[in-house]
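K.L.:
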Amino acid sequence: MHPESSALLPEDEAAETRAPYPGLATIGHDADGAQILVELPQTGAIGLYGPAEDTKQVLAALALELATSVSTDHLNLSCIGVADGLASTAKTGRIRAADSVHQCLRELELLTLEYASGESSTEDIPPEVVLSAYPLTSEHLGRMRTIVGHAAAPPIAIIAAATEEHPLPGTWRLDTAKEARQKLPILDQPVTLQRLTDDEYTKLADLLRHAEETRSVAAPGWEKVPTEDTLEPVPVGSNPLGQRTDTSTTQTEALSTLVSIAKTTTPPPQPTAPAIPQDTPPRLETYEVQLCVLGPVELIGPDPASLEAGKRRVLTELACLLRLRPERTPDQISRSMGGPRGPWSAKYRADNLSKLRVWLGRAQGGKLHLPTMSGGTYSLSPTVGCDWACFQQLAQHGLASEDAAGTALLEQALTLVHGEPLSGTPLDRYAWAEPLKPTMLAAIVDTAHTIAARHLRYDYGNLDTAREALLKVLEIDPVCELLYRDLIRVEHRAGNPEGITRAAQRLYIALNKLDLEMTPQTEELLRKHGVR
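Under our numbering, the residue at position 473 of the sequence shown is numbered 531, and the numbers go up by one with no gaps.
(1) Going by beta carbon distance, what residues of the same chain come within less than 6 angstroms of L411, once the five residues before and after it are set aside?
(2) Report all residues from its chain with a CB closer than 6 angstroms to the CB of P578; omit the five preceding and five following residues, and keep chain order.
(3) Return helix, strand or coil for N410, following the three-state DSSP convention.
(4) Exposed or buried, which one is Y566 when buried takes at least 16 other CB atoms within 10 Å?
(5) Is A77 close to the ligand PLP? I mean its beta-carbon at under 7 angstroms from any heavy atom of the ligand.
(6) What does the alpha-carbon distance come out to for the pair L494 and G423?
(7) Within 10 Å of its beta-carbon, does R560 have 16 or more other beta-carbons around it, so buried, or fewer, so exposed?
(8) From the DSSP output, in three-state form, read off V249 for me.
(9) Give the secondary structure of H587 by DSSP, where H, G and I count as helix, E and B as strand, and everything else as coil.
(10) Where does T435 sit, in a helix, a strand or coil, going by DSSP?
(11) Give the list of continuous beta strand (DSSP E) stretches no shorter than 3 residues that lie fully inside the stretch 102-189.
(12) Using alpha carbons as the reference points, say which of G588, V589, R253, L376 lies closest to K114.
(13) By Cβ distance, which residues of its chain are closer than 6 angstroms to E539, with the 5 residues on each side in sequence left out?
(14) Which residue comes first and which comes last in the alpha helix (DSSP H) that contains V283?
(15) CB-CB under 8 angstroms to Y192, same chain, minus the five flanking residues each way: which ones, in chain order?
(16) Which value, in whole angstroms, describes the spacing of the CA atoms of A333 and S459?
(17) Which full runs of the alpha helix (DSSP H) of 4+ residues lie inside the stretch 436-460, going along the chain?
(18) So who's on the other strand from P354, going by DSSP bridges?
(19) Please say whether A215 and P99 have beta carbons closer to each other than 8 angstroms?
(20) Going by beta-carbon coordinates alone, are P109 and A238 separated by less than 8 angstroms?
(21) Confirm, please, whether the CB-CB distance from I509 to T465 is below 8 angstroms.
(22) Identify whether E581 lies in helix, strand or coil by the three-state DSSP scheme.
(23) Measure the alpha-carbon distance for H268 versus D409 and round it to whole angstroms.
(24) Rank E123, Q240, F449 by C-alpha distance to the C-alpha of T497 and give the top, closest one.
(25) On a CA-only basis, which of Q451, D131, I94, G557 is nearest L251? Give me that one, please.
(26) Distance check for Y436 and L373, CA to CA, integer angstroms please.
(27) Between which two residues does the beta strand (DSSP E) harbouring G200 extend?
(28) Which residue wins for smallest C-alpha separation from L452, given the options R152, I358, L474?
(29) Less than 8 angstroms between the C-beta atoms of P80 and P185, yes or no?
(30) For the stretch 337-407, list the alpha helix (DSSP H) runs that are entirely contained and at least 4 residues long, ordered along the chain.
(31) Using a Cβ-Cβ distance under 8 angstroms, would L232 count as near chain D?
(32) Short check: CB of V187 to CB of L266, under 8 angstroms?
(33) From the DSSP output, in three-state form, read off K495 for me.
(34) Does DSSP put H224 in a helix, in a strand, or in coil?
(35) Could you spell out the range, first to last residue, of the beta strand (DSSP E) harbouring Q93?
(36) Can you give me the start and stop residues for the alpha helix (DSSP H) that Q470 sits inside?
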């Protein structure tokens, strides 16, 4: 469905609309790898039969998905003997950890009584999903029937370990053994259950645990992006901008440094910088065919009038795949491009590759922009320019040189950005590109931050240029507090208290829209500048 379709709600309305299926979760995958989703409260009870370790792996996958999915934000999840520590790791406010089935049932009994005595409408009562690594006894099942039978009870689903001695009622009996493939009561085709091994769960939990950390490790090629604790003016010849200093510096010390920098009226001296390498990358405009992904996706150069109707979007996406994910095998192309409809057939893939090759044509030297398969894979030729590749080359050349010319390269890189990366695409397309978007956005943010830091720090600095770079990227990432802190320093250096107030108000609005809290680092910097 196209993003501008009238069938879709406006973005602000969609954000305020509850998910129609708040208990929707992945139960497994079919033979083609397609996800099989189930609205759990509609199933009532799902009994998991099999080895205890396999059952816990299936429950762990469900727990992690239900705890973090945006579509399950109006749901309460109770975990009994599974996903230890998930409540404190995910911090989504929808998870209860229970030591026993009795403790969980007691909570549900109390909730049902509270709902019965209050004035809550059904819209205010979230569904309850119970995941238990322990089988339920007949006494537990009796208490559950009493709860479910109450008129005020919320919708409840229980997914629990089961045995022949302690079965769960209903038709949902799933075998959790790793090799098991089975048909579901609602689907007449074999399904493999989704699961997470202990090692996989630990790694994902670590990712969640570190997601709130504000200090990150520089990606390769981006080590010279200045951190906030290196912004204190330094004499020429000492630690240059962008070199990592002692990471044991506390946030309080860093904030004290930032305040002292903001109060400095005399710009620090210009450092001696290495000369810019002579192999400065070519500009995007020099390419006959240009692929633009740093904003709405666009393929510039080939004549769209030469294509049959309805082919431009799919061929543009195929070109993006082969440029951003080169050396794709035929099978990888089919799976990536097939999306939710399933992998492309060999014939459909070959037809589209051939049509893209004809559409792109040849470079001036006679080489095809899309060569035939080489080494069992396909890639676009380097004769096809890409704004993301140009951006990276310009930014890394600019990071290597701290003088005005190096900073100008960073500013030139930022001119290639025209919006949110890989935007303006249909909702059911470009799933293969999702992992690239955070990387692109992080690079754009780092570039704007470095531009601002240099214009604040060196005598060639121009506060208007710094402000322009920050505001441009804040349009793309409206809750990036690093850039707001940079903007506050720029407005302070410019002697513009109204600008500081505007920046703070803009940040408050953006955070409130997403129901996020401001970090202590930003709050402290605002207090230092008199903003409450």
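Heads up, the beta-carbon is just placed ideally off N, CA and C, and yes, glycines get one too.
P.N.:
Here's the rundown:
(1) None.
(2) none
(3) Note: N410 maps to helix in three-state DSSP.
(4) exposed
(5) Among the ligands in the structure shown, none appear at all, so the ligand PLP cannot be discussed.
(6) 32 angstroms
(7) exposed
(8) strand
(9) coil
(10) Residue state for T435 is assigned as strand, using DSSP reduced to three classes.
(11) Taking only runs of at least 3 residues, the beta strand (DSSP E) segments lying wholly in the stretch 102-189 are 103-107, 134-138, 153-156.
(12) R253
(13) T577, T580
(14) Here V283 belongs to no alpha helix (DSSP H), and DSSP marks it neither H nor E.
(15) I138, G139, S158, V159, A218, A219
(16) The predicted position of A333 is uncertain, since its pLDDT is 44 and thus under 50; no value can be drawn from it.
(17) Here the runs fully enclosed are 445-458.
(18) S481
(19) yes
(20) no
(21) yes
(22) helix
(23) 45 angstroms
(24) F449
(25) I94
(26) Roughly 14 angstroms between the two C-alpha positions.
(27) Here G200 belongs to no beta strand (DSSP E); instead the alpha helix (DSSP H) covers 196-207.
(28) L474
(29) yes
(30) 370-382, 388-396
(31) Looking at the structure shown, chain D is missing, and only one protein chain is on hand.
(32) Going by C-beta atoms, V187 is not nearer than 8 angstroms to L266.
(33) helix
(34) Secondary structure at H224: coil, using DSSP grouped into helix, strand and coil.
(35) 93-97
(36) Per DSSP, Q470 belongs to the alpha helix (DSSP H) from 462-472.
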